[in-house]
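Asks: Let me begin by handing over the structure; questions about it come next.
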Amino acid sequence: MTIRLFNTLSGQVEELSPSDGKAFRMYACGPTVYDYGHIGNFRTFLQVDVLRRFLRLNGLETRHVMNVTDVDDKIIRNAAAAGLPIGEYTKKYEKAFFEDLDALSVEHPEIVARATEHIPSMVKLIQRLASEDIAYRTDDGSWYFRIAKFPQYGKLSKKDFTGITDGARVDVDEYDKDSARDFALWKAPKPGEYHWETELGPGRPGWHIECSAMAMNYLGDAFDLHAGGEDLMFPHHENEIAQSESASHCTFSRHWFHIRFLLVEGRKMSKSEGNFYTLRDLLLKGYKASAIRLLLISVPYRQQLNFTFEGLNAETGAVERLRSFRERIRAAATVPGLNASLAAEAARAKEGFHAALANDLNTAEARAAIFELVRAGNAAAAAGTLGAENVPEILAVLADFDAVFAVLDDHDPEWTRFALDWAEKEGRLDQASPEIRAQLALTDEQIQALVDERTQAKRTRNFARADQIRNDLASKGILIEDSKDGVRWKRK
RNA sequence: GCACCGGUGGCGAAGUGGCUAACGCGCUGGUCUGCAAAACCAGUAUUCGCGGGUUCAAUUCCCGCCCGGUGCUCCA
Numbered sequence: 002m003t004i005r006l007f008n009t010l011s012g013q014v015e016e017l018s019p020s021d022g023k024a025f026r027m028y029a030c031g032p033t034v035y036d037y038g039h040i041g042n043f044r045t046f047l048q049v050d051v052l053r054r055f056l057r058l059n060g061l062e063t064r065h066v067m068n069v070t071d072v073d074d075k076i077i078r079n080a081a082a083a084g085l086p087i088g089e090y091t092k093k094y095e096k097a098f099f100e101d102l103d104a105l106s107v108e109h110p111e112i113v114a115r116a117t118e119h120i121p122s123m124v125k126l127i128q129r130l131a132s133e134d135i136a137y138r139t140d141d142g143s144w145y146f147r148i149a150k151f152p153q154y155g156k157l158s159k160k161d162f163t164g165i166t167d168g169a170r171v172d173v174d175e176y177d178k179d180s181a182r183d184f185a186l187w188k189a190p191k192p193g194e195y196h197w198e199t200e201l202g203p204g205r206p207g208w209h210i211e212c213s214a215m216a217m218n219y220l221g222d223a224f225d226l227h228a229g230g231e232d233l234m235f236p237h238h239e240n241e242i243a244q245s246e247s248a249s250h251c252t253f254s255r256h257w258f259h260i261r262f263l264l265v266e267g268r269k270m271s272k273s274e275g276n277f278y279t280l281r282d283l284l285l286k287g288y289k290a291s292a293i294r295l296l297l298i299s300v301p302y303r304q305q306l307n308f309t310f311e312g313l314n315a316e317t318g319a320v321e322r323l324r325s326f327r328e329r330i331r332a333a334a335t336v337p338g339l340n341a342s343l344a345a346e347a348a349r350a351k352e353g354f355h356a357a358l359a360n361d362l363n364t365a366e367a368r369a370a371i372f373e374l375v376r377a378g379n380a381a382a383a384a385g386t387l388g389a390e391n392v393p394e395i396l397a398v399l400a401d402f403d404a405v406f407a408v409l410d411d412h413d414p415e416w417t418r419f420a421l422d423w424a425e426k427e428g429r430l431d432q433a434s435p436e437i438r439a440q441l442a443l444t445d446e447q448i449q450a451l452v453d454e455r456t457q458a459k460r461t462r463n464f465a466r467a468d469q470i471r472n473d474l475a476s477k478g479i480l481i482e483d484s485k486d487g488v489r490w491k492r493k
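Quick note on the working numbering: the first sequence kicks off at 2 and runs consecutively.
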């Protein structure tokens, strides 16, 4: 199946394929590890995950590089404030970042590249630019990129800089640059500031150079796709193109994949609005990692997603429905043979699922196809017309679905537990919802004892006592479900 | 201010120049249950921000307005 995706560079939906005929080579801008990741960050990483998972489901091998920016102004400032070496400061947040990715079932890229471990590549790239007078050194020892040498500057963000006059809007004197638009490749250190001693002189890399250097290092001068949040389009990606293509004289990335920002409760997410959430904030409020994943991927990447708690609750229910459907199909009584109309539904769901994702990653439509199969399958099971031969077919469709959506296996309690343990260690337990804390204060054995007592009470028709236990547990976030094959309970 | 994107039921949303406007949640009714919960089934927008226009036909194309977002500066 041909996979088509919108390309920011061309403004068209285009077919994706590995240009070397082997592996699909992609670079995705990763985190700057100075704080815990928020849901906006994770929407981007999740959409990239959807892309790579779908490519792999289609039999393509991926060579996916993600950078970790472990040196920049904020890191230097925060590390200094914390009295830590920057390496120690960033290590904590990098670890947290990958834990969060795991909680959200985001596959790790094949290659994770830290900026601080690639300084020589960056220096070499800047030297390459300097040899053609594209990079120049200013009196303070910083190096800048000469935009005048790259006439296509603006081709990604569709900006026209030809009419911009130097000095009109920017105080040129302050920067000591040849042109106001020229951007830093290498920053000379301020007194006492963290720096590397290199052939360029002492300093640290500018923001953009790391991505150019590392992408070219691992993927070559030209590769298939570059991804990131929409805000990175300009100036970050534009500058990457300028640096890379000036040095290599060939097209850097063929395809540019940009993920839209989300809104929270209809507003821009920001700390001042009070609607800023990290993944850990949500886990501590009792929301499940799988529901967060499903919500963040269910709105196609080019649409603004409005993240709401009501939506999160809705997706919690949706995950439950999908999981119980798979359980039901696995366990339901079947009749011999094949139910032909159900088989047609399964085939249609599979086709619809793949076609939707292949069409510019339309995740909303893809999951809709699966839910239609859920309804048809449940109806057949309820009517006693589920054929034995339908079962493996339906499970195969669900396997395809889960190869991309990754929400069917239940790891949620582990991650809630994880968040609580973390909160306890960090002294943030007060941020956890009372219900979650009450729930986790009870051991499985204690809960089981109460459940058994209730079953006993029911047997003697002491319904008052039975209901009292049920209500008491419910207030602590533990739900009791009576079924034909016994009593089950779960942590909400 | 300039540029770009979006505004579809109670909520999140898909989609299309003309078939009954997907799907999830919610809500209502039903099956089940000691009662619930869970699970399942069924029903649930004469209508797609507002005002014009093009067309035999517009939610879908064009113009204007209002609202939200993004970029122009650090940001996923």
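Just so you know, even glycine gets a beta-carbon here, dropped at the ideal spot from N, CA and C.
Decide if H238 is buried, meaning its Cβ has at least 16 other Cβ atoms within 10 Å, or exposed.
Replies: Result: buried.
Asks: Do you know offhand how far V173's Cα is from S180's?
Replies: Because V173 carries a pLDDT of 43, less than 50, the predicted location of this residue cannot be relied on, and no value is offered for it.
Asks: From what residue to what residue does the beta strand (DSSP E) around Q304 run?
Replies: Segment: none, Q304 is in no beta strand (DSSP E) and carries neither H nor E.
Asks: DSSP on H355, reduced to helix/strand/coil?
Replies: It is helical.
Asks: Quick check on L480: buried or exposed, where buried means 16 or more other Cβ atoms within 10 Å of its Cβ?
Replies: Per the 10 Å Cβ criterion, exposed.
Asks: For the pair the stretch 212-227 and the stretch 9-23, tell me if three or more CB-CB distances fall below 8 angstroms.
Replies: Verdict: yes, contact present.
Asks: Return the chain-ordered list of same chain residues with a C-beta closer than 8 angstroms to the C-beta of E373, the five sequence neighbours on each side being excluded.
Replies: The residues are E346, R349, A350 and G353.
Asks: Please report the straight-line C-alpha distance between V107 and K93, rounded to a whole angstrom.
Replies: When rounded, the distance between both Cα atoms is 19 angstroms.
Asks: When the Cα atoms are used, what is the spatial distance from S247 to L409?
Replies: Near 46 angstroms, if we compare the C-alpha coordinates of L409 and S247.
Asks: Thinking just about the alpha-carbon of each residue, which of E100, E427, T461 and I470 is nearest to the one in Q447?
Replies: Closest by alpha carbon: I470.
Asks: Can you tell me whether W423 is helix, strand or coil according to DSSP?
Replies: Helix.
Asks: Applying the 10 Å Cβ sphere with the 16-neighbour rule, what's the burial state of Q457?
Replies: Q457 should be labelled exposed.
Asks: So, helix, strand or coil for V107, using DSSP?
Replies: Here V107 sits in coil by DSSP.
Asks: Excluding the 5 residues flanking H39 on each side, which residues of the same chain have their C-beta closer than 8 angstroms to its C-beta?
Replies: If we look at H39 and ignore the five residues flanking it on each side, its Cβ neighbours are M270, F277, Y278, T279 and L280.
Asks: Quick one: what does DSSP say P414 is sitting in, helix, strand or coil?
Replies: Residue state, collapsed to three classes: helix.
Asks: Helix or strand or just coil, what does DSSP make of E200?
Replies: Looking at E200 - three-state DSSP - the assignment turns out to be coil, as it is neither helix nor strand.
Asks: Let me know if A332 comes out buried or exposed under the rule of 16 or more other beta-carbons within 10 Å of its beta-carbon.
Replies: A332 is exposed by the Cβ-count criterion.
Asks: Going by DSSP in three states, L387 sits in which element: helix, strand or coil?
Replies: Reduced to three states, the DSSP call for L387 is coil.
Asks: Mind pulling the alpha helix (DSSP H) runs of 4 or more residues that sit fully within the stretch 256-327?
Replies: 280-285 and 290-299, all fully within the stretch 256-327.
Asks: In this structure, how does DSSP classify I395 when only helix, strand and coil are distinguished?
Replies: In this structure, I395 counts as helix in the three-state DSSP scheme.
Asks: Quick one: is the Cβ of R492 within less than 7 angstroms of any heavy atom of the ligand NAP?
Replies: The ligand NAP is not among the ligands present in this structure, which contains no ligands whatsoever.
Asks: From A389, V300, A450 and A384, pick the residue whose C-alpha is nearest to that of R489; which is it?
Replies: Considering only alpha carbons, the answer is A450.
Asks: So who's on the other strand from W144, going by DSSP bridges?
Replies: Answer is R138 and W187.
Asks: Specify the secondary structure class of D486 as computed by DSSP and reduced to three states.
Replies: Looking at D486 - three-state DSSP - the assignment turns out to be coil, as it is neither helix nor strand.
Asks: Suppose you measure from the CA of V300 to the CA of F146; what does that come to, to the nearest Å?
Replies: Going from the Cα of V300 to the Cα of F146 covers about 38 angstroms.
Asks: Are T33 and T70 touching if we call contact CB-CB under 8 angstroms?
Replies: Yes, they are a contact pair.
Asks: Between V494 and the rest of its own chain, which residues show a CB-CB distance below 8 angstroms, the 5 nearest in sequence each way excluded?
Replies: Residue 494 falls outside the range modelled here, since the chain spans only 2 to 493, and no answer is possible.
Asks: Helix, strand or coil for T91, going by three-state DSSP, please let me know.
Replies: Reduced to three states, the DSSP call for T91 is helix.
Asks: Could you check where the beta strand (DSSP E) with A114 kicks off and where it finishes?
Replies: Element bounds for A114: I112 to R115.
Asks: Name the DSSP beta bridge partners of F7, please?
Replies: According to DSSP, F7 bridges with V14.
Asks: On the three-state DSSP scale, how would you describe R205?
Replies: Strand at R205.
Asks: Less than 8 angstroms separating the beta-carbons of L296 and G318?
Replies: In this structure, G318 does not lie closer than 8 angstroms to L296 by Cβ.
Asks: So which of A404, D431, I437 and L399 has the shortest CA-CA distance to E415?
Replies: Ranking A404, D431, I437 and L399 by Cα distance to E415 puts I437 first.
Asks: Using DSSP with H/G/I as helix, E/B as strand and the rest coil, what is F25?
Replies: F25 falls in the strand class under three-state DSSP.
Asks: Would you identify the three-state DSSP class for D167, choosing helix, strand or coil?
Replies: Low confidence applies here, because D167 scores a pLDDT of 41, under 50, leaving its location unreliable; read the following figure in that light. Here D167 sits in coil by DSSP.
Asks: Give every residue of the same chain whose Cβ lies closer than 8 angstroms to the Cβ of V398, excluding the five residues on either side of it in the sequence, and list them in chain order.
Replies: So the list reads A347, A350, K351, F354, I371 and L374, once near-sequence residues are dropped.
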